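A.B. asks:
Number of protein chains: 2
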Amino acid sequence: MKEIIDMIRINRYLSEFGLEEVFPEPLRQHMILYRFEPDETLILQGEESQILFLLVQGKVKVYTTSIEGKTLLINFTTPLGLIGEIECLKGWENLNTVTAVSAVETIGIHKRWLSQYREEAPFLRFLLDMVTHKFYLKSISLSFNLLYPVEVRLASYLLSISSEDQNEIQASVSVSKLKDTANLIGTSYRHMNRVLQSFCSAGFVVRRSGTLVVKDRQGLITVAGRNIYESAEGREHL
Amino acid sequence: MKEIIDMIRINRYLSEFGLEEVFPEPLRQHMILYRFEPDETLILQGEESQILFLLVQGKVKVYTTSIEGKTLLINFTTPLGLIGEIECLKGWENLNTVTAVSAVETIGIHKRWLSQYREEAPFLRFLLDMVTHKFYLKSISLSFNLLYPVEVRLASYLLSISSEDQNEIQASVSVSKLKDTANLIGTSYRHMNRVLQSFCSAGFVVRRSGTLVVKDRQGLITVAGRNIYESAEGREHL
DNA sequence: ATAGATTGAGGACATATGTCCTTGCCCTAA
DNA sequence: TTAGGGCAAGGACATATGTCCTCAATCTAT
């Protein structure tokens with residue numbers, strides 16, 4: 000990564016993409032042009048980005064890696080693209096790694112200069128907040144569904160809906176809601192039943208008269224690995 | 000769906016969720032409280048929504064249905080949640096259907112009242128635009144990956160990267176990029192090869208010296224059904 | 001040119017998941 | 001009480017997909 004101090008180039012890029020009106024003068028003062036060579040990393044999964052990148056030249060590859068080392072290619076982004084904005088706006092850790100495929104140039108804006116917008120246009124700000132939040136959750140959902148088998152997704156889901164009820168009253172799910180569960184984790188009811196059966200044999204859950212009761216959270220955690228649904232939000236109880 | 004004209008209730012909801020500051024007075028004038036009974040539809044897949052809903056009471060179910068009739072439950076949303084904002088802001092057709100699970104109350108804002116924000120805070124507006132766009136594409140990607148087998152996804156992908164080259168120069172993909180392709184559609188290279196082999200036998204594509212050439216777009220269309228990647232954007236050529 | 005190294009295609013097998021159907025249970029209506 | 005009707009659970013089988021391995025082609029260094 001190389002920083003390039005060249006306001007002229009930045010302004011040229013901005014006009015190339017018709018963004019002159021988008022960035023007010025005070026914000027432009029803080030823009031920095033970055034150059035990345037092929038294979039260089041712009042954003043690293045698991046870290047917290049400080050800089051929001053506007054891709055103006057070249058092509059980057061966005062992918063995520065599971066704990067087990069499996070990778071999932073999310074997409075290729077080309078100009079005009081925004082990179083790392085979701086995590087940056089939220090201050091949450093990066094879900095994906097982004098590396099340059101070709102030589103790449105981006106305009107970077109440090110997140111500290113974004114915060115001033117917290118006050119301005121509260122309604123737009125609210126929309127942006129909600130949408131980035133949903134985006135983050137959907138990203139997790141996408142990778143999770145594609146990278147893990149039903150067994151893991153189901154264990155993880157059961158954990159997420161039983162977490163609130165502590166040791167005392169173990170969480171239970173009624174049958175009609177089990178059908179929704181199957182649908183939510185993207186599998187057939189039949190197959191979910193099969194997996195549920197194995198959970199029963201293992202003593203993780205008990206099935207009785209149309210209800211499912213979680214008995215052994217620890218056991219489920221073993222199956223789910225550390226891939227718990229990050230947040231119950233957007234994944235509400237059925 | 001029942002419209003309730005009750006500014007007091009609306010204001011009470013807004014204060015319940017700490018949104019007094021978020022909605023300026025002129026916008027509040029246009030807010031309408033809606034009530035939905037269980038199983039009523041708030042948003043219908045394929046249509047174009049005119050109203051953005053703020054879920055303030057009850058629970059809704061968000062799901063998508065494929066052309067073949069398979070459904071995929073996206074999530075359950077509870078207050079405070081935003082519904083239909085992505086499509087509404089973009090003016091694009093709804094990707095999902097939203098129905099009430101319990102009795103539901105929402106605050107609705109017609110999209111025409113949002114347009115005035117086009118001028119205000121251009122930078123925030125730009126961010127919101129980019130993020131909603133990415134969200135829309137990711138939603139498609141999620142449903143598509145979960146609802147269709149590799150055969151369909153691959154056919155669809157090959158179509159999306161060969162569409163520009165018309166009859167003349169048929170699109171071709173080099174091998175290194177084929178590996179990325181497998182990764183992008185979320186399968187193993189081995190399995191993609193298997194499917195590719197069947198495409199070869201069918202005469203849809205030809206493989207020679209490490210490249211793949213699309214020969215019969217129409218044939219691929221048959222396999223892909225009408226499930227073409229909506230837009231090449233965000234799904235750039237490998 | 002030749003040996004070793006690298007890489008892509010594909011075979012063989014295991015596993016994950018879907019579809020269809022059967023069985024038995026519970027509920028309701030006469 | 002009894003005959004259906006509906007529905008949940010699970011068996012049997014088919015299909016989709018993943019993993020591991022082998023073989024051959026290509027490349028590279030000497």
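Just so you know, the sequences run in chain order A and B.
Residues in the first sequence are numbered consecutively from 0, following numbering that gives the first Met the number 0.
Residues in the second sequence are numbered consecutively from 0, following numbering that gives the first Met the number 0.
For glycine and all other residues, C-beta sits at the position ideal for the given N, C-alpha and C.
As the structure is a computational prediction, the values presented were derived from the model and not from experiment.
1) Measuring straight from C-alpha to C-alpha, what distance separates Asn-74 of chain A and Glu-67 of chain A?
2) When we look at the beta-carbon of Lys-133 of chain A and count the other beta-carbons within 10 Å, is it buried (16 or more) or exposed?
3) Per DSSP, which residues does Met-0 of chain B bridge with? Please list them.
4) Taking the alpha helix (DSSP H) that Phe-122 of chain B falls in, what are its first and last residues?
5) Have a look at Glu-15 of chain A and Glu-19 of chain B and give me their C-alpha separation to the nearest angstrom.
6) Would you say the region 134–147 of chain A touches the region 128–147 of chain B, given that touching needs at least three Cβ pairs under 8 Å?
7) Quick one: complete alpha helix (DSSP H) runs, 4+ long, within the region 176–222 of chain B?
8) So, is the C-beta of Leu-157 of chain A closer than 7 Å to a C-beta in chain B?
9) If I measure Cβ to Cβ from Thr-96 of chain B and keep anything under 8 Å in the same chain, skipping five residues before and after, which residues do I get?
10) What is the rounded straight-line gap between the Cα of Gln-196 of chain A and the Cα of Thr-221 of chain B?
11) Please name the residues in the region 71–93 of chain A whose beta-carbon is closer than 9 Å to at least one beta-carbon of chain B, in chain order.
12) Residues in the same chain with beta-carbon distance under 6 Å from Val-174 of chain A, minus the five sequence neighbours each way, listed in chain order, please.
13) Which same chain residues end up closer than 8 Å to Val-55 of chain B when comparing Cβ atoms and leaving out the 5 residues on each side of it in sequence?
14) Can you check which of these residues, B:Met-0, B:Pro-23, B:Val-21, B:Met-30, is closest to Met-6 of chain B by C-alpha distance?
15) Take Thr-186 of chain B and list the residues in its own chain whose beta-carbon comes closer than 6 Å to its own, dropping the five residues that flank it on each side.
16) Rounding to the nearest angstrom, what Cα-Cα distance links Ala-223 of chain B and Ser-155 of chain B in this structure?
17) Please name the residues in the region 19–36 of chain A whose beta-carbon is closer than 8 Å to at least one beta-carbon of chain B, in chain order.
18) When the cut-off is 7 Å and only beta carbons count, does Pro-148 of chain A lie next to chain B?
19) For Tyr-33 of chain B, which residues does DSSP report across the bridge?
20) Check whether the Cβ of Ile-168 of chain B lies closer than 7 Å to any Cβ atom in chain A.
C.D. replies: Answer, in terms of the structure:
1) Within the first sequence, residue 74 of chain A is the residue found at index 75, counting from 1. Within the first sequence, residue 67 of chain A is the residue found at index 68, counting from 1. Roughly 21 Å between the two C-alpha positions.
2) Locating residue 133 of chain A in the first sequence gives position 134, where the first residue counts as 1. Buried.
3) For the purposes of this step, residue 0 of chain B is taken as residue 1 along the second sequence, with counting starting at 1. In DSSP, Met-0 of chain B forms no bridge with anything.
4) Counting from 1 along the second sequence, the entry for residue 122 of chain B is found at position 123. 121–146 is the extent of the alpha helix (DSSP H) around Phe-122 of chain B.
5) Walking along the first sequence from the start, residue 15 of chain A turns up at place 16. Walking along the second sequence from the start, residue 19 of chain B turns up at place 20. Cα to Cα, Glu-15 of chain A sits roughly 40 Å from Glu-19 of chain B.
6) yes
7) Unbroken alpha helix (DSSP H) stretches of 4 residues or longer found wholly inside the region 176–222 of chain B: 188–200, given in chain order.
8) Reading the first sequence from its first residue, position 158 is the one you call residue 157 of chain A. So, not an interface residue.
9) Position 97 of the second sequence, counted from the first residue, corresponds to residue 96 of chain B. Cβ within range, chain order: Thr-40, Ile-42, Leu-43, Gln-44, Val-61, Tyr-62, Thr-63, Thr-64.
10) In the first sequence, the residue the question calls residue 196 of chain A occupies position 197. In the second sequence, the residue the question calls residue 221 of chain B occupies position 222. Taking the straight line joining both Cα atoms gives about 39 Å.
11) Leu-71, Leu-72, Ile-73, Asn-74, Phe-75, Thr-76, Thr-77, Leu-79, Gly-80, Leu-81, Glu-84, Ile-85, Leu-88
12) The residue labelled residue 174 of chain A in the question sits at position 175 within the first sequence. The answer, listed in chain order, is Gly-209.
13) Your numbering for residue 55 of chain B matches position 56 in the second sequence. Closer than 8 Å at the Cβ level, and outside the excluded window around Val-55 of chain B, lie Tyr-12, Glu-15, Phe-16, Pro-78, Leu-79, Glu-104, Thr-105, Ile-106.
14) The sequence position of residue 6 of chain B within the second sequence is 7, counting from 1. Ranking the options by Cα distance to Met-6 of chain B, first place goes to B:Met-30.
15) As a position in the second sequence, residue 186 of chain B is number 187, starting the count at 1. Around Thr-186 of chain B, the same chain offers Val-149 as residues with beta carbons nearer than 6 Å, after the five sequence neighbours per side are excluded.
16) Translated into positions along the second sequence, residue 223 of chain B becomes position 224. Translated into positions along the second sequence, residue 155 of chain B becomes position 156. One C-alpha to the other measures close to 5 Å.
17) Glu-20, Val-21, Phe-22, Pro-23, Leu-26
18) In the first sequence, counting from the first residue as 1, residue 148 of chain A sits at position 149. Not closer than 7 Å to any Cβ of chain B, the Cβ of Pro-148 of chain A fails to qualify, so no.
19) Numbered from 1 along the second sequence, position 34 holds the residue referred to as residue 33 of chain B. Under DSSP, Tyr-33 of chain B shares a beta bridge with B:Glu-2, B:Thr-105.
20) Position 169 of the second sequence, counting from 1, holds the residue named residue 168 of chain B. Confidence is the limiting factor: at Ile-168 of chain B the pLDDT is only 45, short of 50, which leaves the residue's position unreliable, though a coordinate-based value still follows. No, because no Cβ of chain A sits closer than 7 Å to the Cβ of Ile-168 of chain B.
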